[in-house]
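2 protein chains.
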Amino acid sequence: MLFENKRNLDKKISQQIFGNKNFVCRDSEDDYYIINEQNGLVAYIQVPYYSTNLSTAWEIVTKIKQMQLPDGDYFEFELHTFGDLCVAIFKHPLSTGLGDEIFPYWYEGKAYNPAEAICQAALKIPLRREVE
Amino acid sequence: MLFENKRNLDKKISQQIFGNKNFVCRDSEDDYYIINEQNGLVAYIQVPYYSTNLSTAWEIVTKIKQMQLPDGDYFEFELHTFGDLCVAIFKHPLSTGLGDEIFPYWYEGKAYNPAEAICQAALKIPLRREVE
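Chains as they are written, first to last, in my numbering: chain A, 244 to 375; chain B, 244 to 375.
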């Protein structure tokens with residue numbers, strides 16, 4: 244059940260961060276995304292394990308750091324650990340924290356593993372259209 | 244050459260952080276560490292790719308967070324990105340930065356990938372005997 248929820252989180256990342264729209268169910272619900280569809284043939288790739296593999300989660304960081312903020316600046320990323328808790332943050336370089344009125348771009352995710360914290364933070368970023 | 248240097252970094256981590264003392268050369272210099280030696284038989288395992296694989300580098304973070312500081316507290320970890328640069332920090336929870344006179348435990352590593360930054364920071368921590 245927990246594992247299934249994590250795969251669901253992986254799918255949300257695939258949709259919201261990487262813009263994939265069409266999915267196929269193979270081993271569990273919607274665990275493959277469609278990369279091409281022609282003449283009734285469907286090509287699909289497994290949704291990466293963003294929320295459980297830190298190397299894979301870093302692809303999210305790389306992707307989000309390419310997103311331009313309205314003032315032309317780019318997101319900075321931070322990861323903090325407090326005991327077993329991991330906190331991932333995507334922020335405007337000059338933002339001082341949640342509630343900063345001048346630089347309000349601060350999106351924070353918490354989890355007990357760093358990959359999941361990155362996913363949770365990434366999903367808090369409004370869709371690109373809304374940010375830009 | 245660059246790759247070889249990284250493997251050398253991996254070996255230093257294996258020695259200083261994980262306490263492995265004996266190595267074997269197979270594909271490149273000292274790329275396996277000995278886990279057991281009996282009756283002339285040697286068992287060895289490949290030195291993990293700490294400096295190039297972020298999931299593997301996280302094992303360093305987990306290990307260092309178990310090291311107790313002289314005042315009984317434990318290391319906290321931070322990772323920051325500034326453009327393409329990654330800065331990894333192992334610090335006393337109350338340390339305010341390099342040069343903090345009350346909480347001097349602040350070890351910082353910089354590199355253009357997060358795994359290598361973690362390695363560079365970890366290697367700045369004095370050997371356990373010296374810290375304790």
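Beta carbons are placed, not taken as given, at the ideal position from N, Cα and C, and that holds for glycine.
Open item on the list: Considering only the alpha carbon of each residue, which of B/345, B/351, B/260, B/248 lies closest to residue 295 of chain B?
Closed with: B/248
TODO: Taking only beta-carbon positions, decide if residue 375 of chain B is within less than 7 Å of chain A.
DONE: In this prediction, residue 375 of chain B has a pLDDT of 46, which is less than 50 and means its spatial position is unreliable; what the coordinates show is noted afterwards. Not closer than 7 Å to any Cβ of chain A, the Cβ of residue 375 of chain B fails to qualify, so no.
Task: Minimum Cβ-Cβ distance from residue 295 of chain B to chain A less than 7 Å - done: no
Task: residue 300 of chain B vs residue 361 of chain B beta-carbon contact at 7 Å - done: Against a cut-off of 7 Å, the Cβ pair of residue 361 of chain B and residue 300 of chain B comes out as a contact.
Open item on the list: Let me confirm a value: residue 311 of chain A is counted as buried when at least 16 other C-beta atoms fall within 10 Å, else exposed. Which label applies?
Closed with: exposed
TODO: Compare the Cα-Cα distances from residue 273 of chain B to each of B/358, B/335, B/258 and report the closest residue.
DONE: When only C-alpha atoms are compared, the closest one is B/258.
Open item on the list: Using a Cβ-Cβ distance cut-off of 7 Å, determine whether residue 322 of chain B contacts chain A.
Closed with: yes
- [ ] Indicate whether at least one CB of chain B lies closer than 7 Å to the CB of residue 256 of chain A.
- [x] no
Task: Residue from B/264, B/308, B/323, B/345 whose Cα sits closest to the Cα of residue 352 of chain B - done: B/323
- [ ] Using a Cβ cut-off of 7 Å, pull out every chain B residue sitting near residue 291 of chain A, in sequence order please.
- [x] Neighbours of residue 291 of chain A on chain B: none; closest Cβ ~13 Å, over 7 Å.
Open item on the list: Can you confirm whether residue 301 of chain B, when its beta carbon is compared against all beta carbons of chain A, has any partner nearer than 7 Å?
Closed with: yes
Open item on the list: Taking 7 Å as the threshold (beta carbon to beta carbon), is residue 338 of chain A in contact with chain B?
Closed with: no
Open item on the list: Just to confirm the assignment, what range does the alpha helix (DSSP H) spanning residue 363 of chain A have?
Closed with: 357-367
Open item on the list: Is there a C-beta anywhere in chain B that falls below 7 Å from the one on residue 319 of chain A?
Closed with: yes
- [ ] Check the Cβ-Cβ distances between residue 298 of chain A and every residue of chain B, and say whether any is below 7 Å.
- [x] Taking CB atoms only, residue 298 of chain A has a neighbour in chain B less than 7 Å away.
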